[in-house]
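Chains as they are written, first to last, in UniProt numbering: chain A, 1 to 197; chain B, 1 to 590. Backbone N, C-alpha and C define an ideal beta-carbon position, used for all residues, glycine too. The structure appears right after this line, and notes come after that.
The following block contains the structure:
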């Protein structure tokens, strides 16, 4: 797979990438770059939707399509390496030391708890209005509850889920309400993978 | 009644019972005379005293009764039970009872025999652990658990045995008839963390679930290591130190894999059979619970028969069959199984600790060697701490959730020894292991120290170190639903980034299970309704319904439900506190 000398030089914009994504280690970036190139079968230098859809296990994932969409924000058709890393950086495990040393003036690192929750939120909020409506909750439920359930039951569950989280009574779940309903959950652990340590 | 500790009538009753029990052994001794007297009696005896007829089951039933009454006695004083773990109280009670029996009979008539322990007392406890094991947590931490169970136990056994041997060579222990192999044998049986003791103590401490599952999982899975090490060293001791060859050592290592994997396999096979059987028990609902117990017990016995690890067998039988059995059997059977298992496990645990106390009061087995006892205590604590620190340092490079220093302290301190070590040491043959009594005495001291002293101090330690405690809270639909979403998201991200992680494996297993296993092992009706989100939804609806009914009873009718104020109410909680009896009776009807 080509020579392995001067690795960092071949990854474009290494330093700014590392700063932006909350100091992902050199080794992890190397691994991700290898993976990026492996997915890019035709060697275009960027990824298209088709490249991601060809990952077998992704096809049977209920949220697979939506996750692929999150890699291509604002209708773009090409995914370059920085964009690839930017999305994956959300899933870097939260390092407690980072939190302490962080300069409060700099923007939050991508893998903070809030940003992880934002990533999940935008998978539900398809029309990007900042709220999960009852209809959007119903759609997400339909994808994820796999057994034969009647439409009425699904609607009841969706209703109840929205009511449980909705505090200002507007019939939709805003991001803050979403975050509040999950405050007891260990997001830092549930939304992290090891490869990005 | 007042909450103060009121001595007097209640304790008097208990004391009277204890004294009455002390009289019983004397009754045993007189069985000859009634027989002789009967031989000479004339005519028909209307009522006879046939003590020898009922002796054995009577004594067993009486001991069970005493143990259960003791539990009631302990809980009379809430202050005592919140500080002292129940297991410690039971051991002390056992010591007292043993003393009474000794005084009455001048020999120790009762003790915890290995047969009774391994065949009747241990299986219910381990089955209960396996059947209610939180599978996701267990398999999520399986690597960690296996490392501690295998490497940790071998480390403890080797270091303790070798260190004691080293001290013996230096002459500090005086004159003993022991060799290196005896020390290694002793090390192997004292090294293992005991599941019964861990359960008994940790149950009252409520540390966070990850910490608990690691210590508890270790105590269950180290059985294979203990069994192999014990058998290997025992046979080496029998052969004689000089006849041990390299081939024997290799055979020992091979036997570890055979024993552990074989035991697990036996458990899985029986879990499969059990799940399959419960699929067809629709028309025999009454005896459904019986299958669970009988087949699990058979897995234990089968594994024991094949000299594989019986604890692993019954543990994995419980772990693997949980899902299918719970889906197949009726609600009432599930409740029966749950409560019977808990009762048997709790009863067995009580009896074990009480008899540990009783067995200690036996002048024949005591041989005291200060250096040996103190050093054993020192070595097992120190080497466990070192082992935990080393292994955790290695593990933290691979774990997502790091194990902090505090966790390591609790893990080292929570490495309790218990009845398994006692049973193993009593099984030794004193012709082959000349210093058996020394080993037995030391084992008893070690068990008492860990259960009583460490059990007493672990709660304050946990509070002082501010260990993360377990949070018991009601399931929220949001958490379940979004939790499911996170699982899917993580699986997808793992696929995209090319990492094979837990989610990938869990997904693969989930698919395999849905396509093949569930079709074979689960009833058709159960296959449809087993989604967890639906279960949580169902439970929450039931809770709401109960609240409405209770409020309706308070107000006289359910007419208020139709008022607009109760529209769109979820997780209802009317302001007046509900008496718990109301909820209990209503949920029974549902």
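Own chain partners of residue i with C-beta closer than 7 angstroms, once the 5 adjacent residues on each side are dropped
i	result
residue 37 of chain B	Caution applies to residue 37 of chain B, whose pLDDT of 45 falls short of 50 and renders its modelled position unreliable; the value that the coordinates give is listed next. Contacts found: none.
residue 314 of chain B	123, 126, 127, 130, 267, 296, 299 and 300
residue 150 of chain B	225
residue 108 of chain A	114 and 115
residue 368 of chain B	441
residue 430 of chain B	436
residue 158 of chain A	134, 137, 138 and 141
residue 412 of chain B	384, 385 and 388
residue 80 of chain A	46
residue 454 of chain B	413 and 416
residue 144 of chain B	214, 395 and 399
Paired residues, beta bridge with residue i - DSSP
i	result
residue 469 of chain B	B:207
residue 47 of chain A	A:79
residue 104 of chain B	BP columns for residue 104 of chain B are empty, so no partner.
residue 172 of chain A	A:133
Residue span of the alpha helix (DSSP H) that contains residue i, given as start and end
i	result
residue 325 of chain B	310-328
residue 42 of chain A	Careful: residue 42 of chain A lies outside any alpha helix (DSSP H) and carries neither H nor E.
residue 459 of chain B	455-464
residue 307 of chain B	Run containing residue 307 of chain B: none; DSSP gives neither H nor E here.
residue 557 of chain B	Note, residue 557 of chain B: premise wrong, no alpha helix (DSSP H); not H, not E.
residue 416 of chain B	Segment: none, residue 416 of chain B is in no alpha helix (DSSP H) and carries neither H nor E.
residue 351 of chain B	331-360
residue 439 of chain B	436-448
residue 65 of chain A	64-71
residue 163 of chain A	151-165
residue 183 of chain A	Premise fails: residue 183 of chain A is in no alpha helix (DSSP H) and is neither H nor E.
residue 124 of chain A	113-124
residue 15 of chain A	14-20
residue 56 of chain A	56-59
Closest by C-alpha distance to residue i, when choosing among the options
i	options	result
residue 487 of chain B	A:49, A:30, A:58 and A:44	A:58
residue 351 of chain B	B:121, B:384, B:404 and B:215	B:121
residue 523 of chain B	B:323, B:156 and B:85	B:323
residue 526 of chain B	B:331, B:445 and B:448	B:331
residue 71 of chain A	B:492, B:353 and B:217	B:492
residue 193 of chain A	A:42, A:48, A:150 and A:111	A:111
residue 270 of chain B	B:254, B:320 and B:398	B:320
residue 375 of chain B	B:423, B:162, B:228 and B:429	B:162
residue 593 of chain B	B:215, B:91 and B:54	It is not possible to answer for residue 593 of chain B, since the shown part of chain B is limited to 1 through 590.
residue 63 of chain B	B:78, B:45 and B:101	B:101
residue 97 of chain B	B:355, B:532, B:76 and B:284	B:355
residue 358 of chain B	B:419, B:557, B:541 and B:171	B:419
residue 316 of chain B	B:142, B:290 and B:389	B:142
residue 409 of chain B	B:181, B:200, B:147 and B:212	B:212
residue 283 of chain B	B:453, B:329 and B:152	B:329
residue 405 of chain B	B:70, B:398 and B:393	B:393
residue 179 of chain B	B:233, B:511 and B:349	B:233
residue 443 of chain B	B:380, B:223 and B:434	B:380
Beta strand (DSSP E) segment containing residue i, residue limits
i	result
residue 192 of chain B	Counting along the chain, residue 192 of chain B falls outside any beta strand (DSSP E), and DSSP gives it neither H nor E.
residue 367 of chain B	It is not in any beta strand (DSSP E) - residue 367 of chain B carries neither H nor E in the DSSP assignment.
residue 68 of chain B	Unbroken run through residue 68 of chain B is the alpha helix (DSSP H), 51-75; no beta strand (DSSP E).
Same chain only: Cβ atoms within 8 angstroms of residue i, ignoring 5 sequence neighbours per side
i	result
residue 166 of chain A	172, 173 and 177
residue 118 of chain A	175
residue 326 of chain B	334
residue 158 of chain B	184 and 187
Close Cβ partners of residue i (< 6 angstroms) along its chain, the five nearest in sequence each way excluded
i	result
residue 244 of chain B	236
residue 206 of chain B	469 and 470
residue 24 of chain B	Low confidence applies to residue 24 of chain B: its pLDDT is 49, below 50, so where it sits in the model is not reliable, and the reading given next is rough at best. Result list for residue 24 of chain B: empty, nothing under 6 angstroms.
residue 16 of chain A	none
residue 32 of chain B	The predicted position of residue 32 of chain B is uncertain, since its pLDDT is 39 and thus under 50; a value taken from the coordinates is nonetheless stated next. Here the set comprises nothing.
residue 578 of chain B	Summary for residue 578 of chain B: the model assigns pLDDT 37, below 50, so the residue's position carries little reliability, and this model does not support an answer.
Could you pull out every unbroken beta strand (DSSP E) segment of at least 3 residues lying fully inside the segment 203-260 of chain B, listed in chain order?
-> none
Which runs of the alpha helix (DSSP H) fall wholly inside the segment 77-158 of chain B and span at least 4 residues, in chain order?
-> 78-83, 86-105, 122-131, 135-140 and 142-147
Runs of alpha helix (DSSP H) lying entirely within the segment 475-527 of chain B, each at least 4 residues, in chain order | 477-497, 502-512 and 518-521
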